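Numbering (this note's numbering), first residue to last: 1 to 253.
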């Protein structure tokens, strides 16, 4: 019966076949577009601001991914991001460097830079000209600083019993101004943003900034090679259009 139908109504069979293919393509396309990209980020104003899902990083990531991409930002402390990426809880994470050696990760090109500094109160008169000078001081740094700030800093952190890392960057600043630590280490833009919002501790004393670290270049780690490639293409267009610079200027005038 089917052979007779094929012979007598070839056009009908062709239409049915192509209709089935079209339905499959559209169905798969809709399925793909409906998927959420679960992307782990760590709240750090002005880079990541959960309220309103804004900030330098979030705006850049949204602008670089293909239009229509559904993104679910998963807010996690640095200490949990790598584990969540490794166990598949999230599909991507940011910011990260390739030194993190994430299994199965496809890294983007550099999408954001941080300028980490060592900050102390000027009144203390601390002489900090090198990482070695931090060795005997009470230091608090952002989480995973020992991973991101180079081998010399990592060695200092291991040898210094007074070194610690905290997830609350605001508390780090309060600890410095209250005299509980000598030095804090974090990105200068984050520091200035958080300091301006602190009301319950006197932060009027003048600080000293020691630029001991090179500018840190960060990337996004993806589980999917294709998504990483699409992101890189979009990031290049975002930069060439001037929109990337506009995002930075909006948050860091």
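For each residue, glycine too, the CB sits at the ideal point set by N, CA and C.
Bear in mind the structure is a predicted one, so any value in this text is a computation, not a measurement.
Residue 185 is bridged by DSSP to 118, 141.
The DSSP-derived three-state label of residue 222 is strand. Selection 46, 76, 98, 39 evaluated against residue 69 yields 39 as nearest (Cα-Cα). In the DSSP assignment, the residues bridged to residue 216 are 114. In the DSSP assignment, residue 165 falls within the unbroken beta strand (DSSP E) covering 163-166. Of the residues assessed, residue 151 falls on the exposed side of the cut-off, its CB having fewer than 16 other CB atoms within 10 angstroms.
Looking at 222, 250, 96, 245, the one whose alpha-carbon comes closest to that of residue 37 is 222.
Pairing residue 117 with residue 109, the inter-Cα distance amounts to about 24 Å. Between the alpha carbons of residue 193 and residue 90 lies a distance of about 28 Å. For residue 74, the closest C-alpha among the options 51, 64, 63 is that of 51. Taking the C-beta atoms as reference points, residue 206 is found nearer than 9 Å to residue 122.
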